[in-house]
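Protein chains in written order, with this note's numbering: chain Z, -10 to 56; chain Y, 10 to 826.
Okay, structure first, notes after.
Put into structure tokens, the structure is as follows:
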């Protein structure tokens, strides 16, 4: 059980790092808009390719459309 | 189509064939526009929509149409949006107010976008902007309708960005950061920081607490118990210092002003439990409650976070009258017309307002003759004729012909600014109804403190070693958590249910006022009526059938932008007319073969057809149609009542409300309309001041007044009423300054909101009864020493959960509908 003296401080260290990261993310504005992010994952990420035009347009109405 | 995140079901309910694929409005008869999207030809209602849809589809972004959850806004006619108007933003002095230049020469601009209807819009905007050469970052903030764009000024100009966004169908203007906005943003971040720390802290302390509790049951070596207690102390102290501090500062701030608030017992419970646990840790005796302290903090912060998020969500679509004015104006400088920023205009300058433009400042007409649409001020669908010497007001729209005007003053002196100030004034004057919970709370808090002190005193006589823990149990069990949640939980739940049915709730507190409302006041134009003209009567003067007359009229009107033309939008115009000309201030003229058709005012038509009789007596807006010298018909237009108005008024009367009609219109139409709808009390010809006086008069007699109005002209009286509704199209939410905004313009929502408000009041009463009843039972038991602090903490949490669950019932009924 003596390992507790090592493991608990390590756990606390990780927790401290997690808090630090989270606070950094909040301060850098990553949580400012909670409405958009929930939706963003569903959007097709069409690459801003140099010549998209008809190629991308022809591809997109494909398998994702269930109706 | 994706069915995720769809608060608006509008998309699915409209029939596909007849509505515009882009904006969802019905396609008018005779319009055959279409764009090939996703392999199919989609109908479009107007050239504006077609232009936007073509742009979206040609850039390969047409999956926008599959992702969106609400229709896009109908863009303005393409010819009215000239890219030239944006050139003014290339002026460095004007651009400086909303751009920053980074050290690498890149410029970041903050732009406010109008017309973002759902999250897919943000994707469309970001994708489109990212494809412009020179753009390194484009980020849309959906909460604030704001676009941050970073670009290289050598490759791209601001005016180009503006006109590109315009071409996508969004209204764009500079985002002016205000101190208030910054503060709201900063507070949200602070709250999130506190919440995050308390959540992580709760998990840590919770783990240690499980070990400690297990140790209590199975036995634990005192060195390990000491270790676990000390690390709990460490983490909990950090959480208390970082996250719970807000309770202490709020409680202290109010205490200094002599007010007892909910935060006081919260702060006391947290502070005492923490102190006692620290003491137990140091002396190695008694019990530690670090887990309760941290969990309590977390749940309180979580509740507040959600409540706040709901609250600011729709507040950010703030009312900014000045923002609706054009930034670029045409003014005469040294004998030439130049485009200058509006803010640089001085009194005495001469400005040019083209047909279709919004008047940028209050001005006196010096040249030209036209008509201005003032519905943003008075809701009237008919424009006012103006000529030399008349005054035109900022934010009205010039619809007929170009006008020159002498600027009367800056924005601050304008009638628009005065109106905005009176809105703010009304907001201040509004009688503040103390919330039930707040009234109870301050008594309750005082009582808790007395009972706790008494318990401590009595037990210190009987059993001094138990006195502290028993007093703490009293404090925890009576913690007004449930009481604090009772009202906001119900209000928030009711508000979110209402949003689901098309009512945007701006002031949740107004729900309480609405549930007690005794009077329901309606405005007429734009509220009981739908604010657009419709054909009410056709009096035929020649032996031409009615259909033929209306088709001729529609054929002429399709070339006009006058509000009258909307009445003919649904009639198939046929074809064959040529040379349709607009006679300013008079009417339309067109060639039909060798005949000349004229349509317009009595004077205009009589000049060419002297045999025209005066119009019939009914109070309609009459226009004449003549063919050469032969009068064909009188067409009477009317601003008709909304179809659901009568049913809504009957329902309101049945619910025990006194319904009144207050209208600025002095004609007999108000009386006629009121009689038709079953309203007995009518006041006509009222100025906004008289309407406000009427509301004050009712309030002075103890009445609780709910008012239904539309838009800007009613804003002052709406802000004075105890509860207010604004009826509006989804497009100008920012204008509607009321507690409840009926976004889909359906009056039925007035009565459904009323029902919801009453239901909400019942739930609040149940919640309060439960919270008080629970305390009435729990406190004596705790004071007698039957409840240990840990059981008190569980009881407290359970009673709060019950209150929340009861409040959620408000939301459930609506959803299953």
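For glycine and all other residues, C-beta sits at the position ideal for the given N, C-alpha and C.
| Are any of the Cβ atoms in chain Z nearer than 8 Å to that of residue 820 (chain Y)? | no
| query | Name the DSSP bridge partner or partners of residue 590 (chain Y)? | reply | Y:598
| request: On a CA-only basis, which of Y:625, Y:579, Y:644 and Y:626 is nearest residue 607 (chain Y)? Give me that one, please. | output: Y:644
| request: Leaving aside the five residues before and after residue 605 (chain Y) along the sequence, list all residues of the same chain whose C-beta is less than 7 Å from its C-beta, in chain order. | output: 598 and 637
| So, using beta-carbon positions, are residue 502 (chain Y) and residue 106 (chain Y) closer together than 8 Å? | no
| field | Interface residues of chain Z facing residue 198 (chain Y) [CB-CB closer than 9 Å] | value | 15, 16, 18, 20 and 21
| message | Looking at the secondary structure, which residues open and close the beta strand (DSSP E) in which residue 339 (chain Y) lies? | response | 337 to 342
| said: Any beta carbon of chain Z sitting closer than 8 Å to that of residue 77 (chain Y)? | reply: no
| query | Under 8 Å between C-beta atoms, does residue 8 (chain Z) make it to chain Y? | reply | yes
| request: Report the partner residues of residue 508 (chain Y) according to the DSSP bridge assignment. | output: Paired residue(s): none; residue 508 (chain Y) is not in a bridge.
| So residue 16 (chain Z) is in the alpha helix (DSSP H); what residue range does that whole segment cover? | -7 to 16
| field | Length-filtered (3 minimum) beta strand (DSSP E) runs lying within the stretch 370 to 404 of chain Y | value | 372 to 376, 379 to 382 and 393 to 395
| query | Just curious, the alpha helix (DSSP H) that residue 486 (chain Y) is in, first and last residue? | reply | 473 to 486
| request: Return yes when the C-beta of residue 72 (chain Y) is under 7 Å from any heavy atom of the ligand NAP, and no when it is not. | output: This structure lacks the ligand NAP, and indeed carries no ligand of any kind.
| query | Helix, strand or coil for residue 667 (chain Y) per DSSP? | reply | strand
| query | Are the C-beta atoms of residue 245 (chain Y) and some chain Z residue less than 8 Å apart? | reply | no
| Where the alpha helix (DSSP H) through residue 765 (chain Y) begins and ends | 757 to 792
| request: Could you name each continuous alpha helix (DSSP H) segment of 4 residues or more that falls completely within the stretch 245 to 294 of chain Y, going from the start of the chain to the end? | output: 254 to 265 and 272 to 292
| request: Please list, in chain order, all residues of the same chain as residue 544 (chain Y) whose beta carbon is under 7 Å from its beta carbon, the five residues on each side excluded. | output: 576, 644 and 646
| message | For residue -1 (chain Z) and residue 223 (chain Y), I'd like the C-alpha separation in whole angstroms. | response | 22 Å
| task | Using alpha carbons as the reference points, say which of Y:352, Y:132 and Y:66 lies closest to residue 102 (chain Y). | result | Y:352
| request: Go ahead and pull the three-state DSSP assignment for residue 695 (chain Y). | output: coil
| Any 3 or more C-beta pairs closer than 8 Å across the stretch 260 to 277 of chain Y and the stretch 452 to 463 of chain Y | yes
| field | the stretch 723 to 733 of chain Y in contact with the stretch 546 to 557 of chain Y per 3-pair CB rule at 8 Å | value | no
| query | Using a beta-carbon distance below 8 Å, is residue 784 (chain Y) in contact with chain Z? | reply | no
| message | Let's see if you can read the secondary structure: which residues bound the beta strand (DSSP E) around residue 157 (chain Y)? | response | 155 to 160
| Below 8 Å between beta carbons: does that hold for residue 237 (chain Y) and residue 221 (chain Y)? | yes
| According to DSSP, which residues form a beta bridge with residue 644 (chain Y)? | Y:547 and Y:632
| said: So, with DSSP's three-state summary, where would you put residue 422 (chain Y)? | reply: helix
| said: Which residues in chain Z have a C-beta closer than 8 Å to the C-beta of residue 205 (chain Y)? List them in chain order. | reply: 8, 11, 12 and 15
| task | Taking residue 149 (chain Y) and residue 135 (chain Y) to be in contact with their CB atoms under 8 Å, please state how far apart those CB atoms are, rounded to whole angstroms. | result | 6 Å
| query | Can you tell which of Y:200, Y:286, Y:468 and Y:521 has the C-alpha that lies nearest to the C-alpha of residue 764 (chain Y)? | reply | Y:521
| message | DSSP three-state label for residue 304 (chain Y), please. | response | helix
| request: Could you check how far apart the C-beta atoms of residue 697 (chain Y) and residue 726 (chain Y) are, in whole angstroms? I think they sit under 8 Å. | output: 6 Å
| said: Measuring alpha carbon to alpha carbon, tell me which residue in Y:335, Y:254, Y:451 and Y:162 is nearest residue 264 (chain Y). | reply: Y:451
| field | Identity of the residue in Y:340, Y:348 and Y:367 nearest residue 356 (chain Y) by Cα | value | Y:340
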